[in-house]
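Undergrad: In the working numbering, the protein residues as written are 11 to 217.
1) Which term fits residue 114, buried or exposed, when burial requires 16 or more other beta carbons within 10 angstroms of its beta carbon?
2) Can you grab the Cα-Cα spacing for the pair residue 71 / residue 41, in whole Å?
3) Measuring straight from C-alpha to C-alpha, what distance separates residue 36 and residue 172?
4) Kindly give me the distance between the Cβ atoms of residue 178 and residue 193, rounded to whole angstroms, as I take these residues to be in contact under 8 Å.
5) Note down, in chain order, each residue of its chain lying with its Cβ closer than 7 Å to the Cβ of residue 163, except the 5 sequence neighbours on either side.
6) Between residue 136 and residue 188, what straight-line distance do the alpha-carbon atoms span, to the nearest angstrom?
7) Taking C-beta to C-beta, are residue 155 and residue 26 nearer than 8 Å?
8) Taking C-beta to C-beta, are residue 74 and residue 31 nearer than 8 Å?
9) Alpha carbon to alpha carbon, how far is residue 102 from residue 80?
10) On the CB-based measure, 16 or more other CB atoms within 10 Å of its CB, does residue 68 come out buried or exposed?
11) Going by C-alpha distance, which of 116, 118, 58, 206 is nearest residue 160?
12) Specify whether the stretch 140 to 150 and the stretch 116 to 131 touch according to this definition: at least 3 beta carbon pairs, one from each stretch, less than 8 Å apart.
13) Look up residue 73 in the DSSP assignment and say whether it is helix, strand or coil.
14) Buried or exposed for residue 157, please, with buried defined as at least 16 other CB atoms from any protein chain shown within 10 angstroms of its CB.
15) Taking only three categories from DSSP, how would you classify residue 179?
16) Under a Cβ-count criterion, where at least 16 other Cβ atoms within 10 Å of its own Cβ denotes burial, should residue 212 be classed as buried or exposed?
17) Which one or two residues does DSSP pair with residue 17 in a beta bridge?
18) On a CA-only basis, which of 184, 106, 110 is nearest residue 203? Give me that one, please.
19) Please report how far the alpha carbon of residue 44 lies from the alpha carbon of residue 66, in whole angstroms.
20) Do residue 60 and residue 292 count as a contact pair if the criterion is CB distance below 8 Å?
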């Protein structure tokens with residue numbers, strides 16, 4: 011297909027970022043869309059920084075250039091802000107409202123609300139969802155990544171490249187025995203994003 015979609019997936023080790031990226035790629039391939047996935051930070055240490063580049067469509071290099079990502083999907087607020095260097099002007103950020111303090115003594119961590127405000131200033135569109143909270147409500151924190159993916163679907167991040175049916179097929183293929191909870195997480199993410207987008211639309215505009 012003509013054109014490409016560049017996505018940066020970020021967070022910390024243990025949040026299922028490679029899995030999230032793989033599901034996106036599998037869904038794309040099911041729709042006949044080429045997909046490249048490249049991890050630039052290892053998962054060897056739980057809690058360490060993880061960045062995954064996902065490129066769909068007409069691409070020939072695995073890494074998203076800085077300033078070229080159409081969307082940033084982040085499981086953690088600090089890493090979402092750090093990932094903004096990759097976002098193109100007007101790009102979309104879909105982020106979990108979860109904050110993981112860096113494992114370094116003496117490092118001042120900004121409040122979550124300040125990080126969200128920074129994201130709002132620099133992103134063309136910002137969708138904040140309680141992915142971790144929704145996953146815990148469903149009974150398994152590990153499905154927070156699928157909540158975030160559902161939110162990205164609802165936000166239209168993948169429009170023209172993959173659809174919800176393709177993602178559901180990829181989930182069923184990846185987890186035959188655990189498909190239902192992951193699909194429930196996907197639906198929860200769509201609903202959370204719908205509410206977030208409605209709240210933004212209803213908010214009074216600055217003069």
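Every residue, glycine too, gets a C-beta built ideally from N, C-alpha and C.
Just so it is clear, the structure is predicted and the values come from calculations on it, not from any experiment.
TA: Checking against the coordinates, here is how it stands:
1) exposed
2) 20 Å
3) 10 Å
4) 6 Å
5) 174, 177, 200
6) For residue 136 and residue 188, the distance between alpha carbons rounds to 30 Å.
7) Their beta carbons are under 8 Å apart, which means residue 155 touches residue 26 by this criterion.
8) Their beta carbons are not under 8 Å apart, which means residue 74 does not touch residue 31 by this criterion.
9) Each residue's alpha carbon lies about 6 Å from the other.
10) exposed
11) Among 116, 118, 58, 206, the Cα nearest to that of residue 160 belongs to 206.
12) no
13) coil
14) buried
15) helix
16) exposed
17) The partner list for residue 17 (beta bridge, DSSP) reads 64, 81.
18) 106
19) Whole-angstrom Cα-Cα distance: 6 Å.
20) Nothing in the structure corresponds to residue 292, since the chain is present only between 11 and 217.
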